[in-house]
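A short worksheet on the structure shown next.
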Amino acid sequence: MLRRNLIYTFSGEAVSKTLIFVVFIHLAKILGPLDYGYFNLALTFYLMGRTISHNSLDMHGVRLLSPLKERVEINRVLSDVNAVRLVFALVISLLAITAVLVLYRDFRVRWICIGFSICFIASTFLNEWFFNGLQRMFYSALSQVGIWGMFLISVFLLPKKVIYLSLPLVFFSSIMLVAVVMNLFILKLVGKFRYNFDFKQMKSLFVDTGYINLVNIFGYLTNTIGVFILSFSDDSSALGYYSVALQICSMFILAGSLIYRVTLPHLNRIYQVSESDFSSKVVFITKYLGFIAVLVVFYLMSYSRIFIARFLGERYLEVIPIIKVLCLIVFFGYFMMGFFQGLFILGKDKLLMYIYLFQMVVTFVLAVILFKYLGPFGIPVSLVISYSIGFVVFLVSFYKANPFDYSHIIKEIVLGALSIYLVYISFDGNIPMVFAVVFPVGYFALCVIFKVVNLLDIKTILRRSVLINQ
């Protein structure tokens, strides 16, 4: 089941992220840096509101559903979780709309930000977490493809003159159509469920998710601080350039998170049986998250200019230096995902909250200071510094909670940095496309030689029991 779920999740992520890339590229070319920056600001309001309004119940719902078999119990969790999500969505939507009206005066900014803020009410009726909890990743993967597929088709069909004003309505419609289909599947799988607006139960769920909800909020705000600072900048085009760079890097981080989402239910079960097996499995996952992260950094630094020039055009070449700085958050972000997963399963929700709060404060302080002295370029620099500090804090925190062999992490950092640097100086930055294949093979060989990984790990990956106790 694990291997099948990995295939479904990976395929869904690959297709949906490809669709998102096409949407972003198309809109960036049509709208230009200024209006595209405003679109990304609106999307930030949507994602921030969705993160807050869901109250981390997605993760908690997976944790609650994973051990359940009876339809009655599954329906009870589904009813309780969705009721709390709906209440929070309505409240947060109202707050977001108020914030937009207070902060911004431009009609275009107000219209698109308010429109996307309403969209996360519709997202309440999406239940990817439900299918992940039951380990039916096919449905959650299909939902993401459906949303972005319909949004892409609609965007291509819209007349260019009204495309900016129509984006919120089109996105809302795409979400609602997919939500209807998802709920029909739920009806078929486990029967009818109702929204349980029981105050005592809602309060209990809120308390249970209190810390982890703040974790997600602080984590998301860390990534969006730069967007909000640049939205008040005199150079409004800088918001568009930064948005493109952040979206490209964030796509790779989100793609890596599929390993996290698929393995969470399995690791949760393993921990209940054997803490030693759990520790070894987390180490196994972080090894390959780190390996993939090094490759992503290499690709972003080597071929981002080719990608931008080919798909976005010459006017977006100012994005290149921002990407080359921001790509480092991918490396640190992958490791942080692995440690986050481990600490979450260990029940260290409060510790996670403190870590992300610390990282958010560090990012905000650095962003304000560096923006003052370095201008817009100081924003990506502040985010990279914040991520590197957060990586160290996560590593130390997980080690104290559950000691493990961290030598592979040090080796990956050194080997990855040296490998990329040597390739760069050898070709003076103009790295041939053949190295898109050569570099992964060469880097893997170095990892084997220096015992970061071993060949038996490849056999382990290909086995069905990769994360399941023997």
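In terms of the working numbering, the sequence shown opens at residue 37 and continues consecutively.
A virtual CB, placed ideally from N, CA and C, is assigned to each residue, including glycine.
Being a predicted model, the structure only gives us computed values, none of them experimental.
Using the rule of at least 16 other Cβ atoms within 10 Å of the residue's Cβ for burial, across every protein chain shown, is residue 327 buried or exposed? For the purposes of this step, residue 327 is taken as the residue at position 291 of the sequence shown. For residue 327, the number of other beta carbons within 10 angstroms of its own is at least 16, and it is reported as buried.
Decide if the segment 266-277 is in contact with the segment 408-416; the criterion is three or more beta carbon pairs, one per stretch, under 8 Å apart. yes
Report the residue ranges of all alpha helix (DSSP H) runs contained in full by the segment 371-456; include only those spanning at least 4 residues, in chain order. 385-410 and 414-437
Could you check whether the segment 175-185 touches the segment 49-67, counting it as contact only if at least three pairs of C-beta atoms, one from each stretch, sit closer than 8 Å? yes
So, with DSSP's three-state summary, where would you put residue 283? For this step, residue 283 is matched to residue 247 along the sequence shown. Reduced to three states, the DSSP call for residue 283 is helix.
Using 10 angstroms around the beta-carbon of residue 372, count the other beta-carbons present and answer buried if the total reaches 16, otherwise exposed. Numbered from its first residue, the sequence shown carries residue 372 at position 336. Residue 372 should be labelled buried.
C-alpha gap between residue 73 and residue 315, whole angstroms: On the sequence shown, residue 73 is found 37 positions in, with the first residue counted as 1. On the sequence shown, residue 315 is found 279 positions in, with the first residue counted as 1. Residue 73 and residue 315: Cα-Cα distance of roughly 43 Å.
Helix, strand or coil: which one does DSSP assign to residue 259? In the sequence shown, counting from the first residue as 1, residue 259 sits at position 223. DSSP, reduced to helix, strand and coil, places residue 259 within a helical segment of the structure shown.
Indicate whether the contact test is met: 3 or more Cβ pairs, each with one atom in the segment 356-375 and one in the segment 276-284, closer than 8 Å. yes
Given a cut-off of 9 Å on the beta-carbon distance, is the pair residue 88 and residue 249 in contact? Along the sequence shown, one-based indexing puts residue 88 at 52. Along the sequence shown, one-based indexing puts residue 249 at 213. Yes, Cβ-Cβ distance for residue 88 and residue 249 is below 9 Å.
Helix or strand or just coil, what does DSSP make of residue 57? The residue you call residue 57 lines up with position 21 of the sequence shown. In the structure shown, residue 57 sits in a helix (DSSP, three-state: H, G or I).
Using CA coordinates, which residue listed in 63, 170 and 392 is at the minimum distance from residue 113? As a position in the sequence shown, residue 113 is number 77, starting the count at 1. Minimum Cα distance to residue 113 is reached at 170.
Using CA atoms only, rank isn't needed, just tell me which of 153, 400, 344 and 388 is closest to residue 257. In the sequence shown, residue 257 corresponds to position 221, counting from 1. For residue 257, the nearest C-alpha among the options comes from 400.
State whether the segment 58-70 contacts the segment 268-278, with contact taken as three or more CB pairs (one from each stretch) at a distance under 8 Å. Touching, yes.
Beta-carbon contacts of residue 331 that lie in its chain and below 8 Å, excluding the five residues immediately before and after: For the purposes of this step, residue 331 is taken as residue 295 along the sequence shown, with counting starting at 1. Excluding positions up to five away in sequence, the list reads 475, 476 and 479.
Count the other C-beta atoms from every protein chain shown that fall within 10 angstroms of the C-beta of residue 120, then say buried if there are 16 or more, exposed otherwise. Here the question's residue 120 lines up with position 84 in the sequence shown. Flag for residue 120 reads buried.
If we ignore side chains and look at the alpha-carbon of each, how far apart do residue 50 and residue 105 end up? Position 14 of the sequence shown, counting from 1, holds the residue named residue 50. Position 69 of the sequence shown, counting from 1, holds the residue named residue 105. About 30 Å.
Residue 347, enclosing alpha helix (DSSP H) - first and last residue: Here residue 347 refers to the residue found at position 311 when the sequence shown is read from its first residue. Its alpha helix (DSSP H) spans residues 311-347.
Within this structure, are the beta carbons of residue 471 and residue 338 separated by less than 9 Å? Taking the sequence shown and counting its residues from 1, the one referred to as residue 471 is at position 435. Taking the sequence shown and counting its residues from 1, the one referred to as residue 338 is at position 302. Contact: yes.
Can you tell me whether DSSP reads residue 103 as helix, strand or coil? Within the sequence shown, residue 103 is the residue found at index 67, counting from 1. In this structure, residue 103 counts as coil in the three-state DSSP scheme.
Does DSSP put residue 141 in a helix, in a strand, or in coil? The residue given as residue 141 occupies position 105 in the sequence shown. Looking at residue 141 - three-state DSSP - the assignment turns out to be coil, as it is neither helix nor strand.
Same chain only: Cβ atoms within 8 Å of residue 387, ignoring 5 sequence neighbours per side: Here residue 387 corresponds to residue number 351 of the sequence shown, with the count starting at 1. Excluding sequence neighbours, residue 387 sits near 379, 433 and 437.
Is residue 60 near residue 294, with beta carbons less than 9 Å apart? For the purposes of this step, residue 60 is identified with residue 24 of the sequence shown, where counting begins at 1. For the purposes of this step, residue 294 is identified with residue 258 of the sequence shown, where counting begins at 1. No, the pair does not count as a contact, with Cβ atoms beyond the cut-off.
How big is the Cα-Cα spacing for residue 385 and residue 251? As a working note, residue 385 is residue 349 in the sequence shown. As a working note, residue 251 is residue 215 in the sequence shown. Going from the Cα of residue 385 to the Cα of residue 251 covers about 8 Å.
Residue 320 versus residue 367 - alpha carbon distance: Position 284 of the sequence shown, counting from 1, holds the residue named residue 320. Position 331 of the sequence shown, counting from 1, holds the residue named residue 367. Their Cα atoms are separated by approximately 17 Å.
Continuous alpha helix (DSSP H) assignments of at least 4 residues falling wholly in the segment 465-496: 471-485
Among the residues of its own chain, which have a CB less than 6 Å from the CB of residue 489, if the five just before and after it don't count? By one-based count along the sequence shown, residue 489 stands at place 453. Hits under 6 Å: 323 and 483.
Could you check if residue 101 is buried or exposed, using at least 16 other CB atoms within 10 Å of its CB as the buried criterion? On the sequence shown, residue 101 is found 65 positions in, with the first residue counted as 1. Flag for residue 101 reads buried.
Identity of the residue in 150, 126, 111 and 402 nearest residue 75 by Cα: On the sequence shown, residue 75 is found 39 positions in, with the first residue counted as 1. Looking at the Cα atoms, 150 is the closest of the given residues.
From this set, 207, 201, 44 and 64, which residue's C-alpha is nearest residue 345's C-alpha? Residue numbering aside, residue 345 sits at position 309 when the sequence shown is read from its first letter. Out of 207, 201, 44 and 64, 64 has the C-alpha closest to the C-alpha of residue 345.
For a quick check, are the C-beta atoms of residue 24 and residue 233 less than 9 Å apart? For residue 24 there is no data in the structure shown, the boundaries of the chain being 37 and 506.
Whole-number beta carbon distance between residue 152 and residue 78, since they are thought to touch under 8 Å: Walking along the sequence shown from the start, residue 78 turns up at place 42. Walking along the sequence shown from the start, residue 152 turns up at place 116. Right, the Cβ-Cβ distance comes to about 4 Å (below 8 Å), so this counts as a contact.
Between 147, 158 and 143, which lies nearest to residue 125 when the distance is taken from Cα to Cα? For the purposes of this step, residue 125 is identified with residue 89 of the sequence shown, where counting begins at 1. Here the closest residue by C-alpha is 158.
How far does the alpha helix (DSSP H) with residue 200 in it extend, from its first residue to its last? To locate residue 200, count along the sequence shown from 1; it is residue 164. That run of the alpha helix (DSSP H) goes 199-226.
Of the choices 403, 212 and 109, whose alpha-carbon is the least far from that of residue 230? If you number the sequence shown from 1, residue 230 lands on position 194. With distances taken between Cα atoms, residue 230 lies closest to 109.
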